[in-house]
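Under this note's numbering, the sequence shown is numbered contiguously, ending at residue 229. By construction, the Cβ of each residue, glycine as well, lies at the ideal position given by its N, Cα and C atoms. As the structure is a prediction and not an experimental result, all values here were calculated from the model. Report on one structure; see the data block that follows.
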Amino acid sequence: TKAIPNLVVAGGYDPRNVENVEHLAELKQLAAELGIGQYTTFAPSVGDDERAQLLRSALCVVYTPHREHFGIVPLEAMYAGSPVIAVNSGGPKETVVHDETGLLVENTVDGFASALEQMVNDPTGAVEMGRKGHGRVAANFGLDTFRARWADIVEETMKRGAQRRHRWENGHGLESKGIFPLWFTCMAEAMLALLAAFLLTFALKATGLLHPNDSVWGEMRRVVRRRTGDEL
């Protein structure tokens, strides 16, 4: 008989939140009713070090959100070398490559059960998926890739800005017609850029793809200096 691997249920947990407390109790009761209580470990509110260790040592990581907009967890798991089982919808369709870095399944009990069975019965294949997952994250979602894409975005933004200034100087565009003052448009765009930089910094630091002392704004400044030779 094949040994049953331990199931670790980990995630955020607030003991002051009644819904969190009730749901954890329900999961523990369900594990007992299914006869897998001895194989199940509940790890609410794990710290960063413990989370990293769990991701590195897992046979696979099961990511259950349906129609998730993107999802950082699959990237964290794959970068740590663990294949991902996720619903075939939303963000995981962009991050997880089916049958290569993990498995994309229907949002059903049978869908997840079948994928888990495949991982358990073929641990060598799971390890290989994890290796490919790490390579995919490093190649497509790492800081070097981000810098290159960010450089392209900055260059395109500068190009469009120059084109718009040209239109404005020649009496074209909404600003010159008085619909929006130029100062208002520039300020709105600057605020949106800063907000986007803040959100990207937070997301990249959460995945470990950006050093704690770095920022997207700093990366943007370096890109512009390289492209123009000017200081922001």
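Status (buried if at least 16 other CB within 10 Å, exposed otherwise) for residue i
{"i": "Met116", "result": "buried"}
{"i": "Tyr36", "result": "exposed"}
{"i": "Ser54", "result": "exposed"}
{"i": "Thr121", "result": "exposed"}
{"i": "Arg133", "result": "buried"}
{"i": "Thr38", "result": "exposed"}
{"i": "Arg92", "result": "A quick correction: the sequence has Thr, not Arg, at residue 92. Under this definition Thr92 is a buried residue."}
{"i": "Leu127", "result": "Strictly speaking, residue 127 in this sequence is Gly, with Leu absent from that position. Its Cβ being crowded by 16 or more others within 10 Å, Gly127 is buried."}
{"i": "Gly78", "result": "buried"}
{"i": "Pro71", "result": "buried"}
Other residues of its chain near residue i: CB distance less than 6 Å, five sequence neighbours each side excluded
{"i": "Ala112", "result": "Ile82, Leu100 and Val102"}
{"i": "Ile176", "result": "The pLDDT assigned to Ile176 is 49, lower than 50, so where the model puts this residue is not dependable, and the model offers no usable value."}
{"i": "Pro12", "result": "none"}
{"i": "Val59", "result": "Ile82"}
{"i": "Ala190", "result": "none"}
Contacting residues, own chain, Cβ-Cβ under 7 Å from residue i (five flanking each side not counted)
{"i": "Leu129", "result": "The identity of residue 129 in the sequence shown is Lys, whereas the question assumes Leu. The answer, listed in chain order, is Glu97 and Thr98."}
{"i": "Ala123", "result": "Leu56, Cys57, Pro80 and Met116"}
{"i": "Gly8", "result": "Pro41"}
{"i": "Tyr256", "result": "Nothing can be reported for residue 256: it is not among the residues displayed for the chain, which extend from -2 to 229."}
Beta carbon proximity, residue i to chain D, threshold 9 Å
{"i": "Phe195", "result": "Among the chains in the structure shown there is no chain D, since it carries only a single protein chain."}
Own chain partners of residue i with C-beta closer than 8 Å, once the 5 adjacent residues on each side are dropped
{"i": "Gly87", "result": "Pro62, His63, Arg64, Glu65, His66, Phe67 and Gly68"}
{"i": "Ala200", "result": "Ile69"}
{"i": "Gln26", "result": "none"}
Identified DSSP bridge partners for residue i
{"i": "Phe39", "result": "Val6"}
{"i": "Gly139", "result": "Looking at the DSSP assignment, Gly139 forms no beta bridge with any residue, so it has no partner."}
{"i": "Leu51", "result": "DSSP, once it has assigned bridges, lists no residue as partnering Leu51."}
{"i": "Gly99", "result": "Val81 and His95"}
Legend entry - Sequence ranges, beta strand (DSSP E) only - wholly within the region 58 to 85, length at least 3: Listed in chain order, they are 58 to 60 and 81 to 84.
Inset, instruction - Could I get the ranges of all uninterrupted alpha helix (DSSP H) runs contained in the region 110 to 163, with 4 residues as the minimum, in chain order? - result: 120 to 137
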